[in-house]
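Participant:
Numbering (the numbering used here), first residue to last: 13 to 227.
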């Protein structure tokens with residue numbers, strides 16, 4: 013609002029990326045759009061026409077919107093997948109990025125195509141199976157857990173809660189360990205319900221009830 017996110021003389025001499033405007037009697041910050049030259053995305057499988065499914069992914073995120081933004085800007089869309097399969101193999105209902113938006117495919121080597129930073133593949137993250145929640149390892153008893161446990165005491169029964177990255181991640185683990193009833197935990201990556209993970213698996217949920225593009 014005051015400096016337009018410009019930290020030094022070079023950025024102050026550049027074009028403004030944000031401006032203060034008034035709309036309906038209220039002040040707003042308007043962030044100017046910019047072209048998307050290249051979109052780097054990933055999926056599970058692609059067919060020969062470039063249609064992408066994400067059946068083994070921990071989230072679909074905004075992949076379709078990003079691909080559309082790149083194509084609208086005249087940019088390129090490159091998608092890394094586990095494998096390319098024959099046309100007609102993939103269910104149309106499972107396709108998250110149509111091939112009309114895809115310019116190139118890259119087959120990722122297993123060591124470069126982990127589902128999360130901490131696990132190569134966990135089917136309970138992608139909603140393919142459900143696992144007993146007592147199989148989720150509790151947090152070690154430390155200062156972080158004490159803070160998360162105290163925060164969990166403030167949760168209302170049957171509340172819908174969105175957890176952010178950082179300290180809030182641990183609240184899901186504590187709530188699961190304590191067996192708090194009726195909570196519906198969500199993360200902005202699109203997981204609704206289940207037990208949101210933390211650390212390098214943040215963004216994934218064990219046993220999600222639903223997975224949407226973005227919350």
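Backbone N, C-alpha and C define an ideal beta-carbon position, used for all residues, glycine too.
Got a sec? Which residues, its chain only, sit under 8 Å from residue 100 by beta carbon, not counting five neighbours each side?
Facilitator: 59
Participant: Taking the CB atoms as reference points, tell me whether residue 204 and residue 221 lie closer together than 7 Å.
Facilitator: yes
Participant: DSSP puts residue 43 in a beta bridge; with which residues?
Facilitator: 30
Participant: Spatial neighbours of residue 71 within its chain, please: C-beta separation below 8 Å, excluding the five flanking residues on both sides.
Facilitator: Same-chain partners within the cutoff: 201, 202, 203, 215, 216 and 223.
Participant: Whole beta strand (DSSP E) runs in the segment 127-185 with 3 or more residues, listed along the chain?
Facilitator: 172-175
Participant: Going by CA-CA distance only, name the one from 43, 121 and 56 that's closest to residue 102.
Facilitator: 56
Participant: Quick one: give me the first and last residue of the beta strand (DSSP E) that residue 196 is part of.
Facilitator: 196-199
Participant: What residue range is occupied by the uninterrupted beta strand (DSSP E) comprising residue 116?
Facilitator: 116-119
Participant: Please tell me whether residue 109 and residue 64 are closer than 7 Å, where the distance is taken between their beta carbons.
Facilitator: Yes, these two residues count as a Cβ contact at 7 Å.
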